[in-house]
Amino acid sequence: MKINLISDTVTKPSPGMLDAMMSAEVGDDVFKADPTVNRLEEKVAAMFNREAALYFPSGTMTNQTAIKLHTNPGDQLICDKYAHVYNYEGGGVSFNSGVSCKLVDGYRGMMTSAQVEEAINPPDFYHSPLTSLVCVENTTNKGGGACWDFSELERIKKVCEKHGLAYHLDGARIWNAMVEKGESAKQYGELFDTISVCLSKGLGCPVGSVLVGDKEMIDQALRIRKILGGGMRQAGFMAAAGIYALDHQIERLAEDHRKAKEIGVILQGLPFTKKVEPIETNIIIFEINEDYLREQAFIEKLLEKDIHLIGMGSSKLRIVTHMDYTDQMHDTLLKTLKTL
Ligand SMILES: Cc1ncc(COP(=O)(O)O)c(C=O)c1O
Numbered sequence: 035m036k037i038n039l040i041s042d043t044v045t046k047p048s049p050g051m052l053d054a055m056m057s058a059e060v061g062d063d064v065f066k067a068d069p070t071v072n073r074l075e076e077k078v079a080a081m082f083n084r085e086a087a088l089y090f091p092s093g094t095m096t097n098q099t100a101i102k103l104h105t106n107p108g109d110q111l112i113c114d115k116y117a118h119v120y121n122y123e124g125g126g127v128s129f130n131s132g133v134s135c136k137l138v139d140g141y142r143g144m145m146t147s148a149q150v151e152e153a154i155n156p157p158d159f160y161h162s163p164l165t166s167l168v169c170v171e172n173t174t175n176k177g178g179g180a181c182w183d184f185s186e187l188e189r190i191k192k193v194c195e196k197h198g199l200a201y202h203l204d205g206a207r208i209w210n211a212m213v214e215k216g217e218s219a220k221q222y223g224e225l226f227d228t229i230s231v232c233l234s235k236g237l238g239c240p241v242g243s244v245l246v247g248d249k250e251m252i253d254q255a256l257r258i259r260k261i262l263g264g265g266m267r268q269a270g271f272m273a274a275a276g277i278y279a280l281d282h283q284i285e286r287l288a289e290d291h292r293k294a295k296e297i298g299v300i301l302q303g304l305p306f307t308k309k310v311e312p313i314e315t316n317i318i319i320f321e322i323n324e325d326y327l328r329e330q331a332f333i334e335k336l337l338e339k340d341i342h343l344i345g346m347g348s349s350k351l352r353i354v355t356h357m358d359y360t361d362q363m364h365d366t367l368l369k370t371l372k373t374l
């Protein structure tokens, strides 16, 4: 039995999701004539209580589009040093928007409002790039699935308002934060200019992300999506998976979080574990004591049992729980870890 814990993106559509996809009514979405895509966009906009939304093939493209929307070439955005937009989008910030990143040394991918305010370049000091955007990520990927304190996000919003900065949320895993903290999509919708959400991570869709914002902004985003080559034709087959996931697969994220915490408890008690980072959602980052085992040797030992996880360098490893990680797999993993 293969146990794949490298990411929550390894899932396959559930039977219910496949049925929804197979029976989707579709059209050509490049002409905005796919009724299922339109329905998904209306649904996500309504969830966040915003005017409009736009379906995209990936979370990277939604973030990159948002950055393009809020900046001009030469500008600077502020983000945490762990941010996905900085680390894992292929340098798209500079490639697509001609923008640089001011990196903040936050805690597990999260900045304080004071750090954000300090990172703003004075607008009249024309030698420095003009700060125009703040990007935050919830939950944080490289930060180990950490959830923001909502009141800190509110304080950052105040800083953005004071300095006339746009505010974008990379909410690839916002569903995990909402389930874990009992928060609503509407409260996020109220705070941010744009939000990107992913359907292909914890929610189990094969593909798809959505950008949410005001109508004017989303109209502009449609043009940027076109430029980036992100227009899709009968995308309703995929959008149907998204609608199904939003209706049926959000609450179950709590199960992924429970399993991640149980794995954390076992890891904490093992002699080769140096440190387990706090576990709030479905991502576990832990450090092994290299006096016992080297990172690669650890990964290979688990591979012998067909258990797959990812090394992050510096003796750190990552496990991500997800929909296709069954109770039986969970029992096997816990037993295997105890006997390593
Ligand atoms: C926080 C975060 N943002 C954005 C993305 C990009 O999503 P995609 O892989 O769909 O481009 C990811 C992907 O893992 C992510 O973790």
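Counting from 35, one number per residue, gives the positions in the sequence shown under this note's numbering. For each residue, glycine too, the CB sits at the ideal point set by N, CA and C. For clarity, every value in this text was computed on a predicted model and none was experimentally measured.
Near ligand 3: residue i beta-carbon under 7 angstroms from a heavy atom
i, result
"residue 352", "Ligand 3 is absent from the structure shown, which contains only ligand 1."
Beta carbon of residue i nearer than 8 angstroms to that of residue j
i, j, result
"residue 228", "residue 212", "no"
"residue 164", "residue 98", "no"
"residue 277", "residue 74", "yes"
"residue 207", "residue 315", "yes"
"residue 188", "residue 137", "no"
"residue 78", "residue 246", "yes"
"residue 237", "residue 284", "yes"
"residue 100", "residue 218", "no"
"residue 344", "residue 351", "yes"
"residue 63", "residue 266", "yes"
"residue 45", "residue 365", "no"
"residue 186", "residue 146", "yes"
"residue 243", "residue 93", "yes"
"residue 85", "residue 69", "no"
"residue 377", "residue 309", "The structure shown does not extend to residue 377, since the chain is modelled only from 35 through 374, so no value can be given for it."
"residue 118", "residue 204", "yes"
Check: residue i C-beta below 7 angstroms from any heavy atom of ligand 1
i, result
"residue 93", "yes"
"residue 118", "yes"
"residue 234", "yes"
"residue 97", "yes"
"residue 243", "yes"
"residue 204", "yes"
"residue 207", "yes"
"residue 171", "yes"
"residue 175", "yes"
Within-8 angstroms CB hit, residue i to chain B
i, result
"residue 362", "The structure shown contains no chain B; it is built from a single protein chain."
Reference residue i; option with closest CA among the options
i, options, result
"residue 318", "297, 308 and 123", "297"
"residue 54", "274, 284, 209 and 120", "274"
"residue 7", "96, 95, 133 and 129", "In this structure the chain extends from 35 to 374, so residue 7 is not present and cannot be described."
"residue 198", "174, 170, 151 and 345", "151"
"residue 375", "149, 131 and 130", "Any question about residue 375 goes unanswered here, given that the chain covers just 35 to 374."
"residue 299", "257, 344, 371 and 339", "371"
"residue 167", "156, 176 and 135", "135"
"residue 66", "120, 336, 373 and 256", "256"
"residue 311", "87, 177 and 72", "177"
"residue 216", "346, 287, 103 and 362", "287"
"residue 248", "40, 82, 35 and 36", "82"
"residue 214", "331, 36, 173 and 239", "173"
"residue 184", "130, 153 and 220", "220"
"residue 105", "270, 368, 181 and 169", "169"
"residue 432", "239, 200, 289 and 190", "Since the first residue shown for the chain is 35 and the last is 374, residue 432 is missing from the structure and cannot be characterised."
"residue 61", "271, 336, 353 and 162", "271"
"residue 339", "327, 155 and 367", "367"
"residue 320", "182, 328 and 307", "307"
"residue 264", "154, 144, 120 and 96", "96"
"residue 144", "301, 162 and 115", "115"
"residue 262", "102, 87 and 182", "102"
Where residue i falls, given that 16 or more other Cβ within 10 Å makes a residue buried
i, result
"residue 222", "buried"
"residue 202", "buried"
"residue 303", "exposed"
"residue 49", "exposed"
"residue 325", "exposed"
"residue 374", "exposed"
"residue 160", "exposed"
"residue 90", "buried"
"residue 124", "exposed"
"residue 259", "buried"
"residue 129", "exposed"
"residue 323", "exposed"
"residue 40", "exposed"
"residue 337", "exposed"
"residue 369", "exposed"
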